[in-house]
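Down below is the structure, laid out as structure tokens.
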Amino acid sequence: MQSQLTKRARSLAEAVGILRLAGPLVANNLALAGMSFADTVMAGRLGTGHLAAVATGGSLWMVVFLFGLGMLMAVSPVVAHAYGGGRWEEAGAVLRQALWLSQALAVCAFVLLLGAGPLLSAIGVAAEVVPLTSGYLFAISFGLPGVYAFLAMRFMSEGVGWTRPIMYAAAAGLVVNVFGNWVLMYGNLGFPRLGAVGCGIASAIAMWSMFGVMLGTLLKSRRYDRFALWTRFEGPRWPIQREVIGLGLPIAASVEAEAGLFAGVALIMATLGATQVAGHQIAINYAATMFMVPLAFHSATTIRVGQALGRGEARRARRAGWTGIGLCGLFMSLSAFVLFLFRDQIAAFYTNDPELLPLATALLAMAMVFQISDGLQVGAAGALRGFKDTRVPMLMNVGSYWLFAFPMAWYAGIHADLGPVAVWVALIAGLTVTALLLNMRFMRLSNRRVRAAASLAAEAQPDVGAEGRGAA
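First residue of the sequence shown? That's -10 in my numbering, and the numbers climb one at a time after it.
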């Protein structure tokens, strides 16, 4: 009985630790989502051409941006392991190397986005929208060095368990973005009316403001003194770069695979009709908004698991992982319950179209199950990232999404013409398979690490009986 109470107390303490880390990250995620929402709403007031340019350009931007985001996500577990092991200056060295990597990624992304003009024409974007979209992409691309450097510092700060500055930086970015849109898109305060291009400029300025806030925090806060971040200039060092890139490439591939799946499903919906696209967008938008919370739990779980492993506490790392997965599943289950009770009202919040409402309600009902699987898979992915395990999870993600879910969705939506609900069944099936595989992977990996730690501890203990016999 006492043992059970102790286990529960430890799990509760772990949950509190994850929630403390995750709170500012939820605010960060919502602020970043708010920037995208503000861009869409404010562009919509300028007309369909500018809205189409921001939507199309934003989609292309996101494909390129997400790869760099995934690469830099590897910084968090590497720093967490060093921090947990008390290797302060090693954690600082990881940030210096991540900054080099961030700028290399920015240059590559900038070159790719500069060549987007011919691609826009090739994929059939309306001729009048192409110049606006190209201008938007050109403008926003100048934010790449700032936002990638911000991400390097953000994930370093995550790794050492200080997430509040990340929230402040994102809040500053949101304010600058909205104000910049108002000035540059609409031509206020004496500035020219730049429309979609002004939106790109405002976004770039917002990215640099996030970098500025984060850099100022790292320079001024004494919390970071022990890491010797700026004591010397340091060129690229291959051992650290190799570890970050080796962990980051599979994360980037997983992120792109998931984003590609949802983009592919959206295209399938587009072949079914405008009503089906709108209904799908309502359901996916609600699910994506709720996903901001378990996404923060994902990051917090990575931190707790990584720091515990850095200290050599395999049991605590396992407990942190399962606690994080449980919190993700619990929140998404609560969200699904709210959706079950109020799905009609939520659908009505998005639309009053009598033709669209029944479909939106039906797809929101599908989103109930979707959310639970999504929460469990993202929680397990965070726990595995804390173990620096990214290659096998990447194979699981790509296989589940592109060898299972997408073929099912294509067959249901296009070949068999079973409708949007059947397409969502395919999505749910893919995420459920991913969740099962990742959780099984975490169970196996964490148990193996605990057994290895126990074996090492047993070997380190002297044979007391033998010593006693020798003395006799």
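Ideal Cβ positions, reconstructed from N, Cα and C, are used throughout, including at glycine.
Residues near residue i by beta carbon distance below 7 Å, same chain, minus five either side
i: W151; result: R212
i: D333; result: T350
i: A356; result: A272, Y275, A276 and L328
i: G6; result: R293
i: W197; result: G132 and G135
i: T264; result: E344, L345 and L348
i: A415; result: A394, M397, A398 and A401
i: E232; result: V67
i: S110; result: V119
i: A241; result: F56, G59 and M60
i: A336; result: I271, L346, A349, T350 and L353
i: G73; result: G295, Q296, A297, L298, G299 and R300
i: N166; result: M24, A27, A191, S192 and A195
Identity of the residue in the options nearest residue i by Cα
i: A87; options: P107, S65 and G23; result: S65
i: L427; options: E448, N386 and A394; result: N386
i: G12; options: E247, V282 and A248; result: V282
i: V172; options: A191, P107 and L420; result: A191
i: F24; options: A44, G38 and L10; result: According to the sequence as given, residue 24 is Met; it is not Phe. For M24, the nearest C-alpha among the options comes from A44.
i: V164; options: D28, A141 and P120; result: D28
i: I129; options: A111, P382 and A105; result: A105
i: F280; options: G47, A297 and A16; result: A16
i: A71; options: R(-1), A2 and G148; result: G148
i: T291; options: A372, L316 and A246; result: A372
i: T379; options: A116, F127 and S243; result: S243
i: A41; options: I194, A116 and G224; result: A116
i: L183; options: H39, T421 and R226; result: H39
i: R305; options: P107, L178 and R438; result: R438
i: A141; options: F180, A193 and R85; result: R85
i: F222; options: A82, L10 and L330; result: A82
i: I417; options: F127, A98 and E247; result: E247
i: A441; options: A2, S362, F26 and R307; result: R307
i: G408; options: A259, A20 and V100; result: A259
Pairwise C-alpha distance: residue j and residue i
i: F54; j: R374; result: 20 Å
i: G75; j: L218; result: 15 Å
i: F200; j: T206; result: 10 Å
i: P347; j: A22; result: 27 Å
i: I403; j: L250; result: 15 Å
i: V453; j: S444; result: Legend: pLDDT at V453 = 47, less than 50; position of this residue unreliable, value from coordinates given subsequently. Computed Cα separation, rounded: 17 Å.
i: N341; j: L353; result: 15 Å
i: A455; j: G299; result: Here the model assigns A455 a pLDDT of 47, short of 50, so the residue's position is not dependable, and the following value carries that caveat. Approximately 33 Å, taken between the alpha carbons.
i: G189; j: G36; result: 16 Å
i: A309; j: R430; result: 15 Å
i: G457; j: S146; result: Residue confidence for G457 is low, a pLDDT of 46 falling below 50, so the modelled location carries little weight; the figure read from the coordinates is stated next. Rounded to whole angstroms, G457 to S146 spans 51 Å at the Cα level.
i: Q322; j: Q360; result: Reading off the sequence, residue 322 comes out as Ser, not Gln. Using only the alpha carbons, I get a separation of about 7 Å.
i: F326; j: P382; result: 29 Å
i: V30; j: L8; result: 32 Å
i: A161; j: A405; result: 49 Å
i: Q230; j: L102; result: 25 Å
i: A267; j: P154; result: 37 Å
i: V226; j: E79; result: First, the amino acid is wrong: residue 226 is Arg here, not Val. Distance between the alpha carbons of R226 and E79 is about 12 Å.
i: T(-5); j: A285; result: 27 Å
i: R(-1); j: M62; result: 28 Å
i: A289; j: A370; result: 12 Å
i: N170; j: R34; result: 12 Å
i: T278; j: A447; result: 48 Å
i: V422; j: L261; result: 26 Å
i: G176; j: K209; result: 36 Å
i: T324; j: L316; result: It should be pointed out that residue 324 corresponds to Ser in this sequence rather than to Thr. Their Cα atoms are separated by approximately 12 Å.
i: Q450; j: R433; result: 26 Å
Neighbourhood of residue i by C-beta distance below 6 Å, restricted to the same chain and skipping five residues each side
i: L365; result: G318 and A424
i: G419; result: S389, Y390, F393 and A394
i: Y137; result: G57, S91, L94 and A95
i: F139; result: M199, F200 and M203
i: M156; result: P13, A16 and N17
i: R215; result: W77
i: G295; result: P66, A69, H70 and G375
i: A461; result: In this prediction, A461 scores a pLDDT of 37, lower than 50, which makes its location untrustworthy; the coordinate-derived value is nonetheless stated afterwards. Excluding residues within five positions, none has a Cβ falling inside 6 Å.
i: P239; result: T379, R380 and M383
Whole-angstrom C-beta distance between residue j and residue i, which should lie under 8 Å
i: V410; j: I257; result: At roughly 13 Å, the Cβ-Cβ gap does not stay under 8 Å, so V410 and I257 are not in contact.
i: H287; j: G237; result: Contact flag wrong, Cβ pair sits at about 16 Å.
i: A462; j: A32; result: One cannot answer for residue 462 here, as it falls past the ends of the chain, which runs -10 to 461.
i: T312; j: A4; result: 5 Å
i: L126; j: W50; result: 6 Å
i: A255; j: H269; result: 7 Å
i: G187; j: T122; result: Incorrect: roughly 14 Å between the Cβ atoms, too far for contact.
Cβ-based neighbour list, residue i, same chain, cut-off 8 Å, excluding 5 preceding and 5 following
i: E245; result: V52, L55, F56 and G59
i: S48; result: A252
i: G459; result: Bear in mind that the predicted position of G459 carries a pLDDT of just 44, short of 50, making it too unreliable to give a figure here.
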